[in-house]
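**Student:** Let me begin by handing over the structure; questions about it come next.
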Amino acid sequence: MNDRTANRIPLTLRKTFGGKPALPALLIATALIVAAISCSTIERTVVTPPHIPSAAFVGDAKCSECHQQHSRNFATATHSVIRTEWNKEGTIGCETCHGPASIHVESGGALRTIVNPGKSPEVCFECHLEMRGRFNLPNHHPLGNGMSCSNCHDSHSGPAIRQNATALAGFNSTCVQCHPAQRGPFTYQHEALREGCTVCHDPHGTVNAKLLTERNGNLCLKCHVDVRTSNITVGGLPHQFLMQKGTCWTAGCHEAVHGSHVSTSLRF
Ligand code: HEC
Ligand code: HEC
Ligand code: HEC
Ligand code: HEC
Ligand code: HEC
Ligand code: HEC
Ligand code: HEC
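Counting in the numbering used here, the sequence shown runs from 276 upward without gaps.
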């Protein structure tokens, strides 16, 4: 996702609604301050909800009139912590991601009157600054073309980072929806996958090929080294010289790193 695409939504809005001065400046200012306070308490940088020219905040209760589905379980969502009291009449939570909604509501829900972060991650980056950087690293999941933060994160209910009884049953199932080759079942499954795909891959972006968290044997030695001396032993076998030939998963050694149907030592 590059910045040009990311900026598209606010620009469209600006064009549609012209340059009228933002009416409820006081309200917005209040909300900004509250948002800034609530975010600073969790050590995130000061945050401004997305700006929609001439639009005012309407509060969460309004959204639930038309979007029962999204509103119903919002209290269970990780992001319900960003809800802020508003004008003693209610709370603003939805609009911290979707922007002030008065124009959207008055138009009966016309498209392009409100920010949809499913189409651009820009608003997520406003609060999660480090993610903008991660998605700019040389290797990253490609955002856009139907892929967004929402492929992996839930904004409207439950934990934002999906989870389940075990990591394998939980997050891995999201990954293998798009990466069926890693799904298995393999005759010889690499038990590392029980810890989750993210023990080896950064889901956002890394400097390393294949989104790996480490570029060399250290990736595997995290779990496998027997003795960390000048004589490296892995699985009871001396690996000192083997490891100079390349990474564990190249050089014909453990190429079936996710699992194998033929090789207990995950060779191919
Ligand atoms: C008067 C009814 C109504 C209210 C109130 C309302 N919406 Fe909507 N909204 C709609 C309709 C209708 C759509 C279009 C749905 C569709 O076409 O799928 C929509 C679409 C949306 C979309 C998708 C827009 C897009 O361009 O993809 C978002 C996001 C949204 N609403 C958020 C909100 C939020 C947040 C609130 C409260 C602040 C809210 N809405 C209040 C009726 C409403
Ligand atoms: C953390 C940011 C965030 C918050 C807070 C949030 N949303 Fe959303 N919303 C999203 C994202 C991301 C999408 C894109 C699709 C998805 O994730 O479901 C979206 C999409 C929508 C849509 C468009 C329909 C769709 O599913 O694509 C509606 C309607 C909507 N949200 C309503 C709400 C309402 C109502 C609230 C408050 C109860 C709310 N949102 C709070 C991030 C947020
Ligand atoms: C207004 C600021 C704000 C916006 C906008 C926002 N977030 Fe968050 N996000 C938060 C806060 C606050 C938390 C809770 C942090 C905590 O509990 O440590 C959070 C938590 C998360 C978490 C869980 C982190 C954890 O360690 O459990 C994920 C994932 C996440 N957000 C993704 C998103 C995505 C994706 C979007 C855009 C759709 C988004 N956020 C938009 C403020 C925001
Ligand atoms: C391919 C799936 C995927 C995509 C796409 C994705 N995330 Fe994540 N994200 C994850 C997983 C998995 C974790 C948990 C990481 C862990 O447990 O090590 C996570 C964790 C996070 C966290 C918690 C902090 C951290 O570093 O662990 C935040 C914040 C977050 N994601 C924000 C985002 C935002 C914003 C986007 C979109 C710009 C996004 N993510 C896109 C899978 C994804
Ligand atoms: C919505 C679909 C989707 C989901 C969910 C998803 N990915 Fe991906 N992933 C992609 C796409 C698209 C690419 C880019 C493919 C390419 O460039 O060939 C990719 C690339 C990768 C790559 C790099 C592959 C390469 O050849 O360089 C790895 C590793 C990866 N994903 C791991 C994961 C993990 C781990 C998860 C779960 C946290 C995950 N993916 C979730 C769609 C997805
Ligand atoms: C033990 C570490 C480890 C774990 C756990 C792991 N991977 Fe990998 N993955 C790797 C390594 C190493 C490579 C690079 C293989 C290569 O270059 O031949 C890789 C490559 C990939 C690729 C690129 C495939 C290709 O043919 O180039 C995808 C996609 C991928 N992994 C997805 C996943 C998914 C999804 C999970 C969780 C189900 C997962 N990985 C768990 C280490 C791991
Ligand atoms: C999160 C921890 C973890 C990581 C990281 C990890 N493994 Fe494993 N691996 C395991 C566990 C647990 C087993 C099963 C128990 C055992 O045999 O030690 C296993 C088993 C294996 C086996 C089968 C051993 C046998 O003969 O039965 C091979 C080969 C292997 N791993 C290679 C690798 C390679 C190559 C990497 C790096 C790409 C790697 N592992 C990274 C945890 C991990």
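Quick reminder that beta carbons are idealized off the backbone N, C-alpha and C, glycines included.
Please read all numbers here as calculations on a predicted model, not as lab measurements.
In the region 477-507, which residue ranges form an unbroken beta strand (DSSP E) of at least 3 residues, counting only runs that do not cross its ends?
**Tutor:** 500-502
**Student:** Quick one: grab the DSSP three-state call for E241.
**Tutor:** This structure gives no information on residue 241, because the portion of the chain shown stretches from 276 to 543.
**Student:** Can you tell me whether D278 is helix, strand or coil according to DSSP?
**Tutor:** Locating residue 278 in the sequence shown gives position 3, where the first residue counts as 1. Caution applies to D278, whose pLDDT of 36 falls short of 50 and renders its modelled position unreliable; the value that the coordinates give is listed next. If DSSP states are grouped into helix, strand and coil, D278 belongs with the helices.
**Student:** Using the rule of at least 16 other Cβ atoms within 10 Å of the residue's Cβ for burial, across every protein chain shown, is P413 buried or exposed?
**Tutor:** Here residue 413 corresponds to residue number 138 of the sequence shown, with the count starting at 1. Classification for P413: exposed.
**Student:** Among all the DSSP beta bridges, which residues are the ones paired with T366?
**Tutor:** Sequence index remark: in the sequence shown, residue 366 carries index 91 (1-based). Paired residues: E360.
**Student:** Please classify N420: does DSSP put it in a helix, a strand, or coil?
**Tutor:** Along the sequence shown, read from residue 1 onward, the residue named residue 420 stands at position 145. Coil.
**Student:** Which of helix, strand or coil does DSSP assign to P513?
**Tutor:** One-based indexing of the sequence shown puts residue 513 at position 238. The answer is strand: DSSP assigns P513 an E or B state.
**Student:** So, for G459: in the same chain, excluding its five sequence neighbours on each side, which residues have a beta-carbon less than 6 Å away from its beta-carbon?
**Tutor:** Locating residue 459 in the sequence shown gives position 184, where the first residue counts as 1. Cβ within range, chain order: G534.
**Student:** Assuming A467 and C424 are in contact, meaning their beta carbons sit under 8 Å apart, how far apart are those beta carbons, in whole angstroms?
**Tutor:** Residue mapping note: residue 467 aligns to position 192 of the sequence shown, counting from 1. Residue mapping note: residue 424 aligns to position 149 of the sequence shown, counting from 1. A Cβ-Cβ distance of about 26 Å is found for the pair A467 and C424, leaving them out of contact under the 8 Å criterion.
**Student:** Return the CA-CA distance between H373 and S382, expressed in angstroms with no decimal places.
**Tutor:** Along the sequence shown, read from residue 1 onward, the residue named residue 373 stands at position 98. Along the sequence shown, read from residue 1 onward, the residue named residue 382 stands at position 107. Answer to the nearest angstrom: the Cα atoms are 16 Å apart.
**Student:** Over the uninterrupted alpha helix (DSSP H) stretch that includes V451, give me the two end residues.
**Tutor:** Locating residue 451 in the sequence shown gives position 176, counting from the first residue. 446-453 is the extent of the alpha helix (DSSP H) around V451.
**Student:** Would the C-beta of A435 count as close to ligand 4, meaning under 8 Å from any of its heavy atoms?
**Tutor:** By one-based count along the sequence shown, residue 435 stands at place 160. A435: yes, Cβ under 8 Å from ligand 4.
**Student:** Can you tell me which residues form a DSSP beta bridge with S535?
**Tutor:** Taking the first residue of the sequence shown as position 1, residue 535 is located at position 260. Y463, per the DSSP bridge assignment.
**Student:** For T481, does the count of other Cβ atoms within 10 angstroms reach 16, so buried, or fall short, so exposed?
**Tutor:** Position 206 of the sequence shown holds residue 481. It is buried - the Cβ of T481 has at least 16 other Cβ atoms within 10 Å.
**Student:** Quick check on L486: buried or exposed, where buried means 16 or more other Cβ atoms within 10 Å of its Cβ?
**Tutor:** Sequence index remark: in the sequence shown, residue 486 carries index 211 (1-based). Counting Cβ neighbours within 10 Å, L486 comes out buried, since at least 16 surround it.
**Student:** Find the nearest neighbour of K363 within the set S538, V333, A385, F410, judged by alpha-carbon distance.
**Tutor:** The residue you call residue 363 lines up with position 88 of the sequence shown. Comparing Cα-Cα distances from K363 to each of S538, V333, A385, F410, the minimum goes to V333.
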